[in-house]
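All residue numbers for the sequence shown refer to this note's numbering, where the first residue is 21 and numbers rise by one. Take a look at the structure set out below.
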Amino acid sequence: MTRISSFMAGQGRGSRAFYVVARTLIVVFTRLWTRARVEGRHHIPATGAFVLAPVHRSNMDTPISACVTRRRLRFMGKDSLWKHPASAWLLSSLGGFPVTRGTADREALKRCTLVLEGGEPLVLFPEGERKSGPVVQPLFDGAAYVALRAGVPIVPVGIGGSERVMPKGARFIRPRTVRVIVGPPITAAVPAGGRVPRAMVHDVTAHLHAALQELFDAAQAQLGRPNPSSLDQSPAK
Numbered sequence: 021m022t023r024i025s026s027f028m029a030g031q032g033r034g035s036r037a038f039y040v041v042a043r044t045l046i047v048v049f050t051r052l053w054t055r056a057r058v059e060g061r062h063h064i065p066a067t068g069a070f071v072l073a074p075v076h077r078s079n080m081d082t083p084i085s086a087c088v089t090r091r092r093l094r095f096m097g098k099d100s101l102w103k104h105p106a107s108a109w110l111l112s113s114l115g116g117f118p119v120t121r122g123t124a125d126r127e128a129l130k131r132c133t134l135v136l137e138g139g140e141p142l143v144l145f146p147e148g149e150r151k152s153g154p155v156v157q158p159l160f161d162g163a164a165y166v167a168l169r170a171g172v173p174i175v176p177v178g179i180g181g182s183e184r185v186m187p188k189g190a191r192f193i194r195p196r197t198v199r200v201i202v203g204p205p206i207t208a209a210v211p212a213g214g215r216v217p218r219a220m221v222h223d224v225t226a227h228l229h230a231a232l233q234e235l236f237d238a239a240q241a242q243l244g245r246p247n248p249s250s251l252d253q254s255p256a257k
C-alpha cells in the first residue's frame with residue numbers, strides 16, 4: 021500500500037511540467053486527427069473534484085476526454101504498469117494511479133475516493149470496459165458511489181464517433197470526426213451520518229444512465245449518424 025500511495029499525487033515540479041507538455045501534444049493530435057469539437061465546457065467545474073463519466077466506445081475515449089478541460093484528470097491503471105520506475109513516473113505524471121487487479125472492488129473504490137477527497141477530478145467509465153453500439157449499457161454503481169461518498173458532482177459526457185476512430189480490436193487510429201457533449205453535473209446530498217444509502221446510489225446511477233444516453237444520442241446526431249431509438253434496442257446481457 022505504501023508503494024501504491026506514493027504514486028497517488030505525482031505533483032512534483034517535473035511531473036507537472038511533463039503533464040502540461042504531454043497533454044498539449046495529446047490534445048493537439050486528438051483534435052487534428054478526429055476534428056473533435058466539444059460542447060458544454062461550461063459544465064466542467066473550474067475548481068474542486070468531480071467525476072467525469074463518459075460513454076465508452078473506444079480506446080480513444082481517454083485522450084478525447086482530455087480535450088474537455090485543461091485540468092489534470094486522474095485515471096486508474098492496473099498496478100503491474102507501475103513495476104518499473106520509468107513507467108511509474110510517466111503514468112503518475114499523466115494522472116494515473118495503480119489499482120491491484122483481483123482485489124476487492126472496495127479497495128479500488130477507496131483509492132478513487134482518496135483522489136476525489138484530495139480535490140482532483142477523476143475519469144471513470146461507468147459502463148466499465150469498452151462497449152459497442154448505440155445503447156448505453158447498464159452502468160456499474162461505482163461512479164455514483166465514489167461521487168456521493170466524496171460529496172462531488174458527476175459530469176456526464178457523450179462522445180459520438182469514437183468507435184469509428186478506433187473500434188474494439190483495432191490496431192490503428194483512423195481519421196474520423198468526433199463530437200463531444202458535456203452535460204450538466206449530477207449532484208445529490210448524502211444524509212448526515214456519512215453512510216451512502218444504497219437507494220441513493222441506484223437513483224444517481226439511473227439518472228446518469230439516462231443523461232449519458234441522451235448526450236450520446238445528441239453527439240451521434242451532430243455527426244449525421246443518429247443512434248436508432250434506444251426504445252427499439254435491447255441492451256446486451
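Glycine included, each C-beta is placed from N, C-alpha and C at the ideal position. The structure presented is a predicted model; accordingly, all values stated were derived computationally and were not measured.
State the CB to CB distance for the pair residue i and residue j, rounded to an integer number of angstroms; the pair is presumed to be in contact (CB under 8 Å).
i, j, result
"arginine 77", "isoleucine 179", "7 Å"
"valine 75", "leucine 232", "5 Å"
"alanine 170", "threonine 225", "Going by Cβ atoms, the distance from alanine 170 to threonine 225 rounds to 16 Å, so no, they are not a contact pair."
"valine 47", "alanine 86", "6 Å"
"glycine 60", "glycine 203", "6 Å"
"leucine 136", "leucine 142", "6 Å"
"proline 211", "histidine 63", "The Cβ separation is near 26 Å, so there is no contact."
What does residue i pair with, by DSSP beta-bridge criteria?
i, result
"methionine 186", "According to DSSP, which records beta bridges pairwise, methionine 186 is partnered with nothing at all."
"methionine 96", "Phe117"
"valine 71", "Leu142, Ile174"
"isoleucine 201", "Glu59, Gly178"
"isoleucine 206", "Ile174"
When DSSP labels each residue in this structure, what does residue i get in the three-state scheme?
i, result
"alanine 231", "helix"
"phenylalanine 160", "coil"
"proline 176", "strand"
"valine 119", "strand"
"alanine 167", "helix"
"arginine 131", "helix"
"histidine 104", "coil"
"histidine 222", "helix"
"serine 85", "helix"
"valine 149", "According to the sequence shown, residue 149 is glutamate rather than valine. Here glutamate 149 sits in coil by DSSP."
"phenylalanine 49", "helix"
"arginine 43", "helix"
"alanine 212", "coil"
"alanine 66", "coil"
"phenylalanine 192", "coil"
Which word fits residue i, buried or exposed, when buried means at least 16 other C-beta atoms lie within 10 angstroms of its C-beta?
i, result
"glycine 189", "exposed"
"phenylalanine 145", "buried"
"leucine 93", "buried"
"aspartate 81", "buried"
"arginine 36", "exposed"
"glutamate 140", "buried"
"leucine 45", "exposed"
"proline 217", "exposed"
"arginine 131", "buried"
"glutamate 127", "exposed"
"threonine 67", "exposed"
"glycine 34", "exposed"
"leucine 168", "buried"
If the criterion is Cβ atoms closer than 8 Å, does the pair residue i and residue j meet it?
i, j, result
"proline 118", "glycine 97", "yes"
"valine 71", "alanine 163", "yes"
"arginine 215", "leucine 243", "no"
"phenylalanine 3", "valine 175", "Missing from the structure shown is residue 3; the chain here goes from 21 to 257 and no further."
"glutamate 149", "leucine 159", "no"
"leucine 101", "alanine 42", "no"
"valine 88", "valine 177", "yes"
"proline 173", "threonine 207", "yes"
"alanine 239", "isoleucine 193", "no"
"asparagine 79", "methionine 186", "yes"
"proline 195", "tryptophan 53", "yes"
Check whether chain D comes within 8 Å of residue i, counting only Cβ atoms and requiring the distance to be less than that.
i, result
"arginine 55", "Structure shown: chain D not included; a single protein chain is present."
Heavy atom of the ligand MG less than 7 Å from the Cβ of residue i, yes or no?
i, result
"alanine 86", "The ligand MG is not part of this structure, which contains no ligands at all."
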